[in-house]
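Asks: Okay, here's the structure, questions in a sec.
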Amino acid sequence: MHPNHTTRPPTMRATELHHPAPLPTIAPTPAVAVQPVAVPTMASIVLPDGRIVTGYAVSPVQPEPVTAKPPVSRAAVNVALGGVGFLAVCGGLLLLTSFITALAALITQLITLAAVIFGGWIAVQVFSASSHRGGKTVNIRKAVIKRNHFHS
1011 MHPNHTTRPP
1021 TMRATELHHP
1031 APLPTIAPTP
1041 AVAVQPVAVP
1051 TMASIVLPDG
1061 RIVTGYAVSP
1071 VQPEPVTAKP
1081 PVSRAAVNVA
1091 LGGVGFLAVC
1101 GGLLLLTSFI
1111 TALAALITQL
1121 ITLAAVIFGG
1131 WIAVQVFSAS
1141 SHRGGKTVNI
1151 RKAVIKRNHF
1161 HS
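Quick note: to get our numbering, add 1010 to the position in the sequence shown (first position is 1).
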C-alpha cells in the first residue's frame, strides 16, 4: 500500500452538508375593501316541488361582437389586383416594344435616305470635276472613213 493512502470502510462515505438560505420576510399589506358600485338585485325562484331558492341575479355575459367578414377574402382581392396590374404592365410593355420597333425602322430608313442623297452628291462632284480640270478637249470635225481607216 501507498504510505499516504488511508482506508475507510466501504459503508462510510463523505457527507456533504447544504445550508439553505433563509427566505426574506415580507410584511403583509393590508387588503383594502372595495365597496361595490351598485348592490345587485336579489331574485327568488320557486321550484316545482315548492322550495324557494333566493340569490343574486346575475346578468348573462355578453359575448364580444363578431366582426363581419367581407364576402371576399383580402388575399383574393390582392391576387386579383396583382393580376390586373400585371396585365396593365404587359400591355404597356407590348406597346413600348411596338414603339421601339417602329422607331428603329424609321431610323433605318432615314440612314438609307441620307446615304442615297450623300452618295448621289459625291457622284455628281466626282464626275463633274473630272471633265473641267486638266482634261484635254477634243473637237471632232468632219471625218472621212475609207476602207476602215479613219482620216481626220
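The beta carbon of each residue, even a glycine, is placed where N, CA and C say it ideally should be.
Run through DSSP, which three-state label would G1129 get?
Replies: G1129 falls in the helix class under three-state DSSP.
Asks: With a CB to CB cut of under 8 Å and the five nearest residues on each side skipped, what residues in its chain are close to I1062?
Replies: Result list for I1062: S1054, I1055 and V1056, in chain order.
Asks: Expressed to the nearest angstrom, what Euclidean distance is found between the alpha-carbon atoms of S1069 and F1096?
Replies: Looking at the two C-alpha atoms, the distance is approximately 56 Å.
Asks: If you reduce the DSSP assignment to three classes, tell me which class H1071 lands in.
Replies: As written in the sequence, residue 1071 is Val, which differs from the His given in the question. The answer is coil: DSSP assigns V1071 none of H, G, I, E or B.
Asks: With DSSP run on the structure shown, which of helix, strand or coil describes G1092?
Replies: helix
Asks: Starting from S1083, follow the beta strand (DSSP E) in both directions and report where the run begins and ends.
Replies: Here S1083 belongs to no beta strand (DSSP E), and DSSP marks it neither H nor E.
Asks: Bridge partners of S1054, per DSSP?
Replies: T1064
Asks: Using 9 Å as the threshold, is the C-beta distance between M1052 and T1039 below it?
Replies: no
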